[in-house]
Each structure stands twice: as structure tokens, then as C-alpha cells.
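**Q** Numbering-wise, the sequence shown is residues 14 to 386 according to UniProt numbering. Glycine included, every Cβ here is placed at the ideal spot set by N, Cα and C.
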Amino acid sequence: VEERTPIPKQNLRVPGPTPIPSEVLAAQTNPMINHRGPEFAAIARRVTARLQYFFQTTSPVLTFPASGTGGQESAVVNLFSPGDHVVAITIGNFGNRLAKIAEAYGLNVTRIEFPWGQAADPASVEARLKELPSYKGVLLTHNETSTGVTNDLEALAALIRRLAPETLIVVDAVSSAGSIPLDMDRWDLDAVFTGSQKGWMTPPGIMMIAASPRAWEANKTARLPRFYFDWGPARKQLLEKGQHPTTPAVSVFYALDVALEMMLAEGREAIFARQQQAGDYVRGRVRAMGLQLFADHQNASNTVTAIKVPEGIDSKALLKKLREQDRIVFAGGQAHLEGKIFRIGHLGYFTEADLAQALDTLEQRLHEFGFKS
Ligand code: PLP
Numbered sequence: 014v015e016e017r018t019p020i021p022k023q024n025l026r027v028p029g030p031t032p033i034p035s036e037v038l039a040a041q042t043n044p045m046i047n048h049r050g051p052e053f054a055a056i057a058r059r060v061t062a063r064l065q066y067f068f069q070t071t072s073p074v075l076t077f078p079a080s081g082t083g084g085q086e087s088a089v090v091n092l093f094s095p096g097d098h099v100v101a102i103t104i105g106n107f108g109n110r111l112a113k114i115a116e117a118y119g120l121n122v123t124r125i126e127f128p129w130g131q132a133a134d135p136a137s138v139e140a141r142l143k144e145l146p147s148y149k150g151v152l153l154t155h156n157e158t159s160t161g162v163t164n165d166l167e168a169l170a171a172l173i174r175r176l177a178p179e180t181l182i183v184v185d186a187v188s189s190a191g192s193i194p195l196d197m198d199r200w201d202l203d204a205v206f207t208g209s210q211k212g213w214m215t216p217p218g219i220m221m222i223a224a225s226p227r228a229w230e231a232n233k234t235a236r237l238p239r240f241y242f243d244w245g246p247a248r249k250q251l252l253e254k255g256q257h258p259t260t261p262a263v264s265v266f267y268a269l270d271v272a273l274e275m276m277l278a279e280g281r282e283a284i285f286a287r288q289q290q291a292g293d294y295v296r297g298r299v300r301a302m303g304l305q306l307f308a309d310h311q312n313a314s315n316t317v318t319a320i321k322v323p324e325g326i327d328s329k330a331l332l333k334k335l336r337e338q339d340r341i342v343f344a345g346g347q348a349h350l351e352g353k354i355f356r357i358g359h360l361g362y363f364t365e366a367d368l369a370q371a372l373d374t375l376e377q378r379l380h381e382f383g384f385k386s
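In C-alpha cells:
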């Protein structure tokens, strides 16, 4: 095995995990406590109440020791029964993952797919849904991290609700919640989940998920097997004791507690405005360099920007150079987009100077690699 060496300081520009503010990092060095004791209960209650503000819901926000994929699985197993018909609206890799999980659990999944780089078009979704037999749920992605596209969730949810008043709207908000507008109750969403390593300025380890009253009703009769991600015991223990059924990621809770305090101090609307600015800034710089955005302009994400690899440029070598020489870490493309796009994360904790430094250096290295705009 390789010897342990210090982790280098980097300009980490992948769409999660994100850099962490020093106050949040420091919080994790607190001593361990009993996860069934009063100190942890106070943290758990505070964290979940503050998460409600960001999810914009009166429903409890449950947490599980997991990553975003755990949120996808948790939503599926808590809401449905074997053979249920669900519709998966997919615009990229993570939408496909949610559909695959539903299939793995024996649901009957109809996919409504859009080309990668585009958002789900509400009119086409409506036309497709009208052709389908009744469906118990609709699974969709708010922000598709693999392509840098944000769906118009409010419009999609409204049309789904109009066509199917009782269907369960399941939203993957892994890379959107806490960063861009997401109004769970007003948009009448039934299950919404995210992960601590994305917009929350916190290390990986905590999955957060909220369920509407309609979803809790469905949970009573849902018959898919579930244990670790079962919402019932999680809600009971949280509300009665400020605890979890299993051992929570205590140190990540310390971090999330401080991060949420910082986010509250900044305010939801101010964060959304800053994210909008960041998106505009990155897209503006990318275009000014002569590069092309992968996402269609209207629906480009304010948390992650996907860029087409210019003709003749070896993106793997470019990202390696940036990582090794400049300590700037971008993300590559996923699935069939490997080598075709690369992605710049701008969510969680960052300053405009971090983005500027990453983009300045990218521009310089691109020219060294022979790119001519
Ligand atoms: N959904 C979306 C939209 C994501 O961006 C990700 C991760 O990037 C996931 C799901 C899966 O999350 P994780 O890798 O934390 O399991």
C-alpha cells in the first residue's frame, strides 16, 4: 500500500463533494458523544428544523447515514409495492439511476427520456403522460448533475398534479436543494431528498429526505421490502427522542449544524441569488473563452456547468494537468459523455475568486493544449 501523505489543498471544482468552510471543518474535531444522549438530540432537532426551512416544508426532514443514492432508494422502497407502475422522467445519468433502482425493486417503470443536455419539456411530458395508463408515482430529477441541466420542476410538478392528482411526485434534489429555489409544500412534491456533500458545505455522510402527508399515507400500504431506509421508525425516533434508529454520522452532524447556521445567516434568497450569479459568471467566462456549453442555454444549471470538450483536445490529459500542476479539480463526463464534456462545480462553499482562478487557469492550459477559440 502507498504511505499516507497529506491531502493537498485544492481548488475542488467538482459538483460535490465541495470545499468546506473552516468553521465547519473544525466542528468535526469535537469529541464524540453518545448518539442517544441529550447533546446529540439537541443537534438533531436543530438540524432537522433548519432543513425544513430550506426544503420549504412543514413535514419533518429525516436524515439517514447515506449518500444521495440512499435517498433515491429510500424514496422507492417507502412509497411503492411490487409491480406498481411509475413514470421516470430522465434527462441524464442520475435520472437513469433512479429509474434503475425502481426496476431493481420490481416496479413497472415507463421512462420518458430527453436527450442529454436538455431539460424535460413540459409539453412533451404532458403529451406522453396522457397516453399512459394510471401511474402510482412520477420520479424526476431537479438538477441533473451529469449534464448541468435544471428541470423546470415547478412547471413539471404542476402539470403532473393536474393530470394525476394523487400520484406521488418523487424529486431527486441531490444537487439542487439548499442552492436553488425548491419549494416542497407549495409545489406539492411528495418526496424530496438531497445529500450533505452537495449544496450544504458539509462532508458526505448524511442523506436528508422529507415526505408529504400524501407520501406518509402511501407509506402505510407500500409493500416493497425495507429496513435500513424505513421512514416510520426514523420519524418516530426523531420526533420522540431526537434520535435515529441506527448510529448517525455524528461528526458530519457537527459539521452540518454549523453549516446550516451559516446558511441561515446568509438567508435562502441570498444564497439563490449568489448561485444565480455564479452560474451566470461561469457561463459567461466559458463562452468568452470560445468554449461551448453542453446544456441548452435556458435550462443551464446554477450549481454545475458542463462544457463540451473542444475538437482535438484530450480532456483526460487536460484535467490531469490541471489537477497535478494547478491543483484545480474539475469533473469529467459520465457514461457516454466521458471524454466529451467536463464539468465545473459551483455549489456549496466557494467564492467568486475560486471560480475566477479555476477559469483563468483553464483558459491558459487550454491554449497550451492547442485550443484556438
Ligand atoms: N442524484 C444526483 C442528482 C446526483 O448529483 C448524485 C451525485 O452526484 C446522486 C443522485 C447520487 O448521489 P451519491 O453519489 O451521493 O450517492
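#1: Looking at the ligand PLP, does it come within less than 7 Å of T215, judged from the CB to the closest heavy atom?
#2: Mark T163 as exposed unless 16 or more other C-beta atoms lie within 10 angstroms of its C-beta, in which case mark it buried.
#3: F307 to Y66, Cα distance in whole Å?
#4: Do K22 and H98 have their C-beta atoms closer together than 8 Å?
#5: List, from N- to C-terminal side, the alpha helix (DSSP H) runs of 4 residues or more that fit wholly inside the segment 284-360.
#6: How about G105 and E157: are their beta carbons less than 8 Å apart?
#7: Applying the 10 Å Cβ sphere with the 16-neighbour rule, what's the burial state of Q289?
#8: For R49, does the three-state DSSP call read helix, strand or coil?
#9: Using a Cβ distance threshold of 8 Å, determine whether the segment 200-207 contacts the segment 224-242, with at least three qualifying pairs required.
#10: Based on the DSSP output, what are the partners of G150 in its beta bridges?
#11: Taking C-beta to C-beta, are R378 and K334 nearer than 8 Å?
#12: Taking the beta carbon of V14 as the centre, do at least 16 other beta carbons fall within 10 Å, making it buried, or is it exposed?
#13: By Cβ distance below 6 Å, which residues in the same chain neighbour A40 in space, the five residues on each side in sequence not counted?
#14: Count the C-beta pairs between the segment 113-122 and the segment 86-101 that are closer than 8 Å, then say yes if the count reaches three, no if not.
#15: Do I354 and K321 have their C-beta atoms within less than 8 Å of each other?
#16: State whether the segment 86-93 contacts the segment 242-255, with contact taken as three or more CB pairs (one from each stretch) at a distance under 8 Å.
#17: Of all Cβ atoms in chain D, is any one closer than 8 Å to the Cβ of I341?
#18: Could you say if the segment 296-305 and the segment 233-243 meet the contact criterion of at least three C-beta pairs nearer than 8 Å?
#19: Pairs of beta-carbons, one from the segment 185-195 and one from the segment 208-221, closer than 8 Å: are there three or more?
#20: Could you pull the DSSP bridge partners for P128 from this structure?
#21: Count the other C-beta atoms from every protein chain shown that fall within 10 angstroms of the C-beta of A136, then say buried if there are 16 or more, exposed otherwise.
#22: Check whether the Cβ atoms of M276 and T70 sit closer than 8 Å, and answer yes or no.
#23: Going by DSSP, what residues sit across from P78 in a beta bridge?
#24: Evaluate the contact criterion for the segment 70-85 versus the segment 216-223: three or more CB pairs, one atom per stretch, below 8 Å.
#25: Roughly how many whole angstroms lie between the Cα atoms of Q311 and S192?
#26: Cutting at 6 Å between CB atoms, please list the residues of its own chain near G130, excluding the five before and the five after it.
#27: Could you say which of E36, A348, E279 and K143 lies nearest to R175 if we only look at CA atoms?
#28: From this set, R110, L350, T154 and P34, which residue's C-alpha is nearest E274's C-alpha?
#29: Going by beta-carbon coordinates alone, are A262 and P78 separated by less than 8 Å?
#30: If you check the beta carbons only, do G255 and A55 fall under 8 Å apart?
#31: Less than 8 Å between the C-beta atoms of T61 and P73, yes or no?
#32: What's the C-alpha gap between L181 and D293?
#33: Less than 8 Å between the C-beta atoms of A366 and P28, yes or no?
#34: What do you reckon, is the C-beta of D367 under 7 Å from a heavy atom of the ligand PLP?
#35: Could you have a look at V27 and say whether DSSP puts it in helix, strand or coil?
#36: Compare the beta carbon distance of P217 and P32 with 8 Å and say whether it is the shorter of the two.
**A** This is what the structure holds:
#1: To locate residue 215, count along the sequence shown from 1; it is residue 202. For the ligand PLP, not one heavy atom lies less than 7 Å from the Cβ of T215.
#2: Counting from one through the sequence shown, the residue named residue 163 turns up at place 150. It is buried - the Cβ of T163 has at least 16 other Cβ atoms within 10 Å.
#3: Here residue 307 corresponds to residue number 294 of the sequence shown, with the count starting at 1. Here residue 66 corresponds to residue number 53 of the sequence shown, with the count starting at 1. Approximately 32 Å, taken between the alpha carbons.
#4: Position 9 of the sequence shown, counted from the first residue, corresponds to residue 22. Position 85 of the sequence shown, counted from the first residue, corresponds to residue 98. Contact flag unset, no.
#5: 328-339
#6: Walking along the sequence shown from the start, residue 105 turns up at place 92. Walking along the sequence shown from the start, residue 157 turns up at place 144. Yes, these two residues count as a Cβ contact at 8 Å.
#7: As a working note, residue 289 is residue 276 in the sequence shown. By the neighbour-count rule (16 or more Cβ atoms within 10 Å), Q289 is not buried but exposed.
#8: Sequence index remark: in the sequence shown, residue 49 carries index 36 (1-based). R49 falls in the coil class under three-state DSSP.
#9: yes
#10: One-based indexing of the sequence shown puts residue 150 at position 137. Partner(s): V99 and L181.
#11: Numbered from 1 along the sequence shown, position 365 holds the residue referred to as residue 378. Numbered from 1 along the sequence shown, position 321 holds the residue referred to as residue 334. Yes, they are a contact pair.
#12: One-based indexing of the sequence shown puts residue 14 at position 1. When all chains shown are included, V14 counts as exposed.
#13: To locate residue 40, count along the sequence shown from 1; it is residue 27. Counting only Cβ-Cβ distances below 6 Å, and skipping sequence neighbours, we find Y267, A268 and V271.
#14: yes
#15: Walking along the sequence shown from the start, residue 354 turns up at place 341. Walking along the sequence shown from the start, residue 321 turns up at place 308. It is a contact, given that the beta carbons lie within the stated cut-off.
#16: yes
#17: Any reference to chain D falls outside this structure, which holds one protein chain only.
#18: no
#19: yes
#20: For the purposes of this step, residue 128 is identified with residue 115 of the sequence shown, where counting begins at 1. The partner list for P128 (beta bridge, DSSP) is empty, contrary to what the question assumes.
#21: On the sequence shown, position 123 is the one that residue 136 refers to. By the neighbour-count rule (16 or more Cβ atoms within 10 Å), A136 is not buried but exposed.
#22: The residue you call residue 276 lines up with position 263 of the sequence shown. The residue you call residue 70 lines up with position 57 of the sequence shown. No.
#23: Sequence index remark: in the sequence shown, residue 78 carries index 65 (1-based). Answer is I219, bridged to P78.
#24: yes
#25: Here the question's residue 311 lines up with position 298 in the sequence shown. Here the question's residue 192 lines up with position 179 in the sequence shown. Each residue's alpha carbon lies about 18 Å from the other.
#26: Start at 1 with the first residue of the sequence shown, and residue 130 comes out as number 117. Once the five neighbours on either side are set aside, the close Cβ partners of G130 are T160, F307 and A308.
#27: Working through the sequence shown from its first residue, we reach residue 175 at position 162. Closest option to R175, Cα to Cα, is K143.
#28: Sequence index remark: in the sequence shown, residue 274 carries index 261 (1-based). That would be P34, whose Cα lies nearest to the Cα of E274.
#29: Position 249 of the sequence shown, counted from the first residue, corresponds to residue 262. Position 65 of the sequence shown, counted from the first residue, corresponds to residue 78. It is a contact, given that the beta carbons lie within the stated cut-off.
#30: Sequence index remark: in the sequence shown, residue 255 carries index 242 (1-based). Sequence index remark: in the sequence shown, residue 55 carries index 42 (1-based). Cβ distance < 8 Å, so G255 and A55 count as in contact.
#31: Taking the first residue of the sequence shown as 1, we reach residue 61 at position 48. Taking the first residue of the sequence shown as 1, we reach residue 73 at position 60. It is a contact, given that the beta carbons lie within the stated cut-off.
#32: Looking up residue 181 in the sequence shown gives position 168. Looking up residue 293 in the sequence shown gives position 280. The straight-line gap from Cα to Cα measures roughly 33 Å.
#33: The residue you call residue 366 lines up with position 353 of the sequence shown. The residue you call residue 28 lines up with position 15 of the sequence shown. No; because the gap between Cβ atoms is not below 8 Å, this pair is not in contact.
#34: Counted from its first residue, the sequence shown places residue 367 at position 354. No.
#35: Reading the sequence shown from its first residue, position 14 is the one you call residue 27. It is coil, neither helix nor strand.
#36: For the purposes of this step, residue 217 is taken as the residue at position 204 of the sequence shown. For the purposes of this step, residue 32 is taken as the residue at position 19 of the sequence shown. Not a contact, by the Cβ cut-off of 8 Å.
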